[in-house]
Ligand SMILES: C[S@@+](CC[C@H](N)C(=O)[O-])C[C@H]1O[C@@H](n2cnc3c(N)ncnc32)[C@H](O)[C@@H]1O
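Set out below in structure tokens:
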């Protein structure tokens, strides 16, 4: 399948998921946790020019703006960006939201101090293209931060798959009225990061594009904020963060 066609289907998925995703990720606790983590990584001072790629409903963009950073946030799906804009307004935060493709950015070279993407790389058909674009728009000495997880990891244990089928799938079906297994099933083979060993593959990718000081760490913030969402998604495990500096 062509990369444009894959992106069309990915967009369709997130268009349908915008309301549910927004409800699941707007708690004060989640906002506060990301704000604290980002302060630890970027330092307490504000004023950095930061690009949040694949911003979705704005979880990271808003945490950054609340910490005093100058934020631009881009996403492929208009419905997700609409939610993000409403969330920014509700919190009284200023973010420059754009609709666009993380693999083909509408920004000049050397524009940003920091590029950050959370839970995006796994759903891109050409992650190499994306990282090369993120490197291009970063200034020299700028930092790239990737936060992601091993979602739908097909190397997971049998026990975890059973857990998913027996408990998580019926719960998703009842509470979200969708059949979770098939929601990305037809796309999996077109999304390379889903079959790579991560975060090792991310470290390799950053080093391939000349980033220096590349490091991976685990992120302690839970992917599911409520007990019911932990039952539905908790089996997927934890998330990691990979960072590097543009040489
Ligand atoms: C799991 S959500 C993550 C949203 C947000 N970063 C967060 O952490 O809550 C994935 C997001 O990636 C966006 N996305 C998928 N492909 C994209 C692309 N090629 N360019 C930009 N955004 C994309 C989707 O529209 C969706 O909003």
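Numbering (this note's numbering), first residue to last: 52 to 298. Note that beta-carbon positions come from the ideal geometry of N, C-alpha and C, so glycine has one too.
Which word fits residue i, buried or exposed, when buried means at least 16 other C-beta atoms lie within 10 angstroms of its C-beta?
i           : result
residue 244 : buried
residue 131 : buried
residue 184 : buried
residue 237 : exposed
residue 195 : buried
residue 173 : buried
residue 230 : exposed
residue 29  : In this structure the chain extends from 52 to 298, so residue 29 is not present and cannot be described.
residue 106 : buried
residue 178 : buried
residue 197 : buried
residue 127 : buried
residue 59  : exposed
residue 95  : exposed
residue 212 : exposed
residue 290 : buried
residue 225 : exposed
residue 61  : buried
residue 268 : exposed
residue 98  : exposed
residue 239 : exposed
residue 200 : buried
Is the Cβ-Cβ distance between residue i and residue j less than 7 Å?
i           : j           : result
residue 301 : residue 57  : A query on residue 301 cannot be resolved here, the shown segment of the chain reaching from 52 to 298 and no further.
residue 142 : residue 113 : yes
residue 129 : residue 153 : no
residue 176 : residue 78  : no
residue 262 : residue 288 : no
residue 67  : residue 111 : no
residue 86  : residue 116 : no
residue 161 : residue 108 : no
residue 219 : residue 283 : yes
residue 75  : residue 134 : no
residue 158 : residue 100 : no
residue 139 : residue 146 : yes
residue 293 : residue 250 : yes
residue 151 : residue 171 : no
residue 266 : residue 71  : no
residue 89  : residue 166 : no
residue 274 : residue 84  : no
residue 202 : residue 286 : no
Inter-stretch contact (C-beta, 8 Å, three-pair minimum) for the region 240-257 and the region 273-280: Short answer: they don't touch.
The region 119-126 contacting the region 190-198, beta-carbon criterion three pairs below 8 Å: no
Every unbroken alpha helix (DSSP H) inside the region 151-234 [4 residues or more]: 178-188, 209-214, 220-227, 231-234
Contiguous beta strand (DSSP E) assignments of at least 3 residues, all confined to the region 90-119: 100-104
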